[in-house]
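Please read the structure below before turning to the comments.
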Amino acid sequence: MTAPAGSLLAAEGLRKTYGPTVALDGAEFSIHAGEVVALMGPSGSGKSTLLHCLAGIVTPDAGSIVYAGREMSGMTDAERSALRRSEFGFVFQFGQLVPELTCVENVALPLRLSGTPRKEAEKTGRDWMARLEVDELAKKRPGEVSGGQGQRVAVARALVTGPRVVFADEPTGALDSLNGERVMELLTDAARSTNAAVVLVTHEARVAAYSDREIVVRDGKSRDMERAV
Amino acid sequence: MSARRWAGDLAMGARFALTGGREGWIRALLTAVGVGLGVALLLLTAAVPDILDARHAKEDVRQDFSLTPPKIPAADDTIVVAHVNTSWHGADIRARLVAPDGAHPPVPVGIDRVPAPGEMYVSPALDKLLKAPGNGLLRERLPAKVVGTIGERGLIGPTELAYYLGERGLDRQIGHDPGVGRIKRFGNVSGESSEGLDPVLLLLVLLVFVVLLAPVGIFIATAVRFGGERRDRRLAALRLVGCDGRMVRRIAAGEALAGAVLGLVLGTGFFVLGSQAAATVELFGVSVFPDYLNPTPALATLVAVAVPAAAVLVTLFALRRVVIEPLGVVRTARPTRRRLWWRLLLPVGGLAMLAPMIGQGADNGNFNQYLVTGGVLALLVGVTALLPWVVERTVGRLGDGAVSWQLAVRRLQLSSGTAARMVNGVAVAVAGAIALQMLFAGVQADFTKNTGQDPNRAQMEVDLPDGVQVAAAGAKLEGTTGVRAAVALSRTEYSAKRLDPDNSMQLIVGDCAALREVATLPSCRDGDAFLSADWSDEPAARKLLAPGRAVWVDPSYSGSPGAEAPWTVPAKLPKVATRKDALSTDLSGVLVTPSALPAKALTGLRASVYLRLDQAVPEAEEQVRTAAMGIDPLAYTWTWEATTRDEKFDTIRTGLFVGAAAVLALIGASLLVSQLEQLRERRKLLSALIAFGTRRRTLTLSVLWQTAIPITLGLLLATAVGLTLGGVLMKMTAVPLRVDWPSVLSMTGIGAGIVVAVTLLSLPPLLRLMRPDGLRTE
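Read top to bottom, the protein sequences are chains A and B.
If you read the first sequence in my numbering, its first letter stands for residue 6, the second for the next number, and so on.
If you read the second sequence in my numbering, its first letter stands for residue 1201, the second for the next number, and so on.
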């Protein structure tokens, strides 16, 4: 496949089935560095599957994904893991912070996985927590903080390695609107400041409004709203 | 609070336990299987008294004679029985030769008639062995025609090997061979019963039960907590719809109750299935008929009541520090520090209960069963009380390290109780086993006797009955496959009186080569005679050694006729030194070559053939047994051992191994279920960690650390408690205090091995759970 000019991550003809269920049926996607793209669609439309394929979490049955000029389908599991560790960041709906680690240890975890010494990793982690206005929670465990605070810690964790792409799967799904908006502001601001692309899965128009572009996924097919216009 | 309200809440809990879709069923099934396995083991224990009674009754019913054959004249209704027990590849065969005296002999229990000469009744297990390919030697040994099988009434277990073989002329051996006797009926007519257990052995039996059952109880307590985290979330939802804190606790108790009751049902099922399979299973040489496996009603009732009650109590105890709020469960994020003082009460109390019995064993050791049970139980359960404290304090001090280490340590710091609970069963089992092994090793010497046999000099011995030609038998045995050398030596005695003498002198008869096996001979020719230099020099013996004195070889005793062969003590009787490594310590006296005795004297000899085997030849021992049976069915063959141990002591030790094997299997299963449950609970988190690039090796190592740290602490604590308990028990039995390090290390090694095995078994599911597509439902 030839990726759209200047795109950081692009996919074409993605197909993925789970048993008899067709999750993706020829979906397409592309994103540039520093761009925020929202994947929208109703529940079960395939938007999360598309995100997982783009992030190298799930291997599509057919189609092509190109990241920074490299075809991802040719990568081994270890190579994809390394890519996720160093180039990508993740935010999930329920944070998925490790409950037994403190917040700063959670934020520092991706750095430590890449071999950064603990003290240095935690220092960088604290800096990111400060940027996301949760530095006072450094020593607390996830069970001791609110949902909104936890999600901001998760955003800090996603950004701490300086990823080129942040994948956010319903990052505000478990938050009230006020907290949700604050998390989105912090996420998009921080990403733009580092020129990171953000792939944002949501079904809320209010959240999608933070994106530069929207792609609607329905029945496993994608439709780029900007191009459609 | 009305009972009705209680019942309503418990019933609601029970409904939650059994409904809730696939997850709910899996959880209920895990609990029920866990509890069920424990219950099955408890029911098996409850059946032990009946099993022992039944086996004892069977032994009584089929008994012919035990130590002393009765002296009964031959009659129409009498039968001569000979004990000719043998073995096949280490398995004992109960063997009896029978020869009726008349037309109406008593019939052995389990068969419908006395087998005629050349006929044989065999147990079903022996029948199977005889028919199995590759057992030609056994068929050669028992060539008689099989005319039927021994019924269940005549056997103590379904896999027992036994036969009754019809024979002629057995009565000739009565009075000569202590294994041959005449009886009027089968059954324990003498009223002889097995002696009561030595107090130390009784203590060992008691301890084996306590040590084995304590981990089972702990296992059940663990099993009712399977699925605890999911249940807590469900309880939080109930709080949201209006249940108060007490109600949700009762509902939780109801859930545990349902799991326990389901476990009781399953356990009964396992027990019934297991008892059916018992007919085909033999464990450490023990097999039982399914009919014997009847739990004592009182004990079975106790199990049926205690298990559900324990389930409820354990659940309420486990929830004491859990605050269930409408919006979620707060397992008090930073739990209050565990206090040591009350945790020490159990072991200290246990020691206090055992203390009064210290030193009793040396005399007549009447150990108070209740104090022993209570004390040992308190000490062992004390492990489960102390372990969470030890784990909490230790992991609280552990520093940071690699990511896998950090993940493990942090998790242990947050939930040290869960980690301790996982290894509690192993720790208790290991502590108990260490204590018991120490005691076993300590008292072993008291129950072990030196046989005087030196397996380096000979490996087997065949004792021949009267009338067998010694030289021919020796030659035949020497020519048997696997025999390197055979030494034939016979014994008899001579005395000054022909009948019922007061004094006698032992005569050892053998050719020069055989005599050289017992003494250092300067020179020897057939016809020579010698005197062992270490023979008693007392006046009575001196008289019997007077050269030229006329004596009687093999004098008669009342009821035991001898050859009564006249002989003259040789004029020349040089003294010879007995070899330090003589074949047997009692082979001394007058050593004579066969020609030095009159022919008549050679008819009443008690002959033994000592055999040296070629250990490289497979089945050499079986070859010898078969050859011996061919020489004479009454030939008694045995393998030499330097020491023998008390049979009851060995039985108790076997019981410990059987029980320990079952308990350890159970604990292993519990650990695996508990481990898998924890992994399932963390499925999403594991997938998320993998999603952002965590190496599988890191997570696998983290799981290994999470198990290794608590098990190391658990085993250290178990060793400390086990050594303490072992020391106290040794003091109680007045055995010198000595730590049997090999058994301590082997026990801790087995405990660690179980954990390693469980961890390895949980790796495949862990790797499956670590697939990033686990995020699909995120």
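Don't be surprised by glycine CBs; every beta carbon is placed ideally from N, CA and C.
Alpha helix (DSSP H) segment containing residue i, residue limits
i               : result
residue 1883(B) : 1883 to 1891
residue 1767(B) : Premise fails: residue 1767(B) lies in the beta strand (DSSP E), 1765 to 1768, not in any alpha helix (DSSP H).
residue 1622(B) : 1616 to 1644
residue 80(A)   : Looking at the DSSP string, residue 80(A) is not in any alpha helix (DSSP H), and its letter there is neither H nor E.
residue 1590(B) : 1569 to 1597
residue 1962(B) : 1941 to 1969
residue 1900(B) : 1896 to 1932
Element boundaries [beta strand (DSSP E), containing residue i]
i               : result
residue 1293(B) : 1291 to 1300
residue 1492(B) : Segment: none, residue 1492(B) is in no beta strand (DSSP E) and carries neither H nor E.
residue 1730(B) : 1729 to 1732
residue 229(A)  : 226 to 229
residue 1280(B) : 1279 to 1283
residue 30(A)   : 26 to 36
residue 1383(B) : 1380 to 1383
residue 1706(B) : 1705 to 1709
CB contact below 8 Å: residue i versus chain A
i               : result
residue 1848(B) : no
residue 1203(B) : no
residue 1613(B) : yes
residue 1533(B) : Here the model assigns residue 1533(B) a pLDDT of 44, short of 50, so the residue's position is not dependable, and the following value carries that caveat. Yes, its Cβ sits closer than 8 Å to a Cβ of chain A.
residue 1595(B) : no
residue 1331(B) : no
residue 1891(B) : yes
residue 1520(B) : no
residue 1978(B) : Residue placement at residue 1978(B) cannot be trusted, given a pLDDT of 41 that sits under 50; what the coordinates show is reported in the next sentence. Chain A, which has a Cβ nearer than 8 Å to the Cβ of residue 1978(B), makes this yes.
residue 1903(B) : no
Test item: CB-CB of residue i and residue j under 8 Å
i               : j               : result
residue 1577(B) : residue 103(A)  : no
residue 1994(B) : residue 1476(B) : Here chain B comprises residues numbered 1201 to 1978, so residue 1994(B) is not present and cannot be evaluated.
residue 1620(B) : residue 1918(B) : no
residue 1598(B) : residue 1543(B) : no
residue 1616(B) : residue 1901(B) : no
residue 93(A)   : residue 170(A)  : yes
residue 1460(B) : residue 1214(B) : no
residue 1308(B) : residue 1366(B) : no
residue 1347(B) : residue 1363(B) : no
residue 1695(B) : residue 1769(B) : no
residue 1635(B) : residue 1925(B) : yes
residue 1299(B) : residue 1279(B) : yes
residue 188(A)  : residue 177(A)  : yes
Cutoff 8 Å: residue i Cβ touching any chain B Cβ
i              : result
residue 25(A)  : no
residue 105(A) : yes
residue 86(A)  : yes
residue 101(A) : yes
residue 169(A) : no
residue 14(A)  : no
residue 115(A) : yes
residue 192(A) : no
residue 131(A) : no
residue 62(A)  : yes
residue 95(A)  : yes
residue 232(A) : For residue 232(A), the predicted model reports a pLDDT of 46, less than 50, meaning its position is unreliable and no value from the coordinates is stated.
residue 187(A) : no
residue 55(A)  : no
Would you call the segment 106 to 122 of chain A in contact with the segment 1912 to 1927 of chain B, where contact means no fewer than 3 C-beta pairs closer than 8 Å?
no
In chain order, what are the residue ranges of uninterrupted beta strand (DSSP E) at least 3 long that sit wholly in the segment 1814 to 1860 of chain B?
1836 to 1839 and 1843 to 1845
May I ask you to verify whether the segment 41 to 49 of chain A touches the segment 209 to 221 of chain A, counting CB pairs closer than 8 Å and requiring at least 3?
yes
Completely contained beta strand (DSSP E) runs for the segment 1752 to 1808 of chain B, where each covers 3 or more residues
1765 to 1768, 1775 to 1778 and 1790 to 1792
4 or more residues per run - each alpha helix (DSSP H) lying fully within the segment 144 to 189 of chain A
152 to 164
Of all the alpha helix (DSSP H) runs that stay within the bounds of the segment 1445 to 1487 of chain B, which reach a length of 4 or more residues?
1445 to 1477
Touching or not, the segment 1672 to 1692 of chain B and the segment 1739 to 1747 of chain B, by the rule of three or more beta carbon pairs under 8 Å?
no
Is the segment 13 to 30 of chain A in contact with the segment 60 to 71 of chain A, if contact means three or more CB pairs nearer than 8 Å?
yes
Counting beta carbon pairs with one atom in the segment 1806 to 1817 of chain B and one in the segment 1659 to 1669 of chain B, are three or more of them shorter than 8 Å?
yes
Three-pair Cβ contact test at 8 Å for the segment 1849 to 1867 of chain B versus the segment 1691 to 1705 of chain B:
no
Take every Cβ of the segment 1231 to 1248 of chain B, pair it with every Cβ of the segment 1333 to 1351 of chain B, and state whether three or more of those distances are shorter than 8 Å.
no
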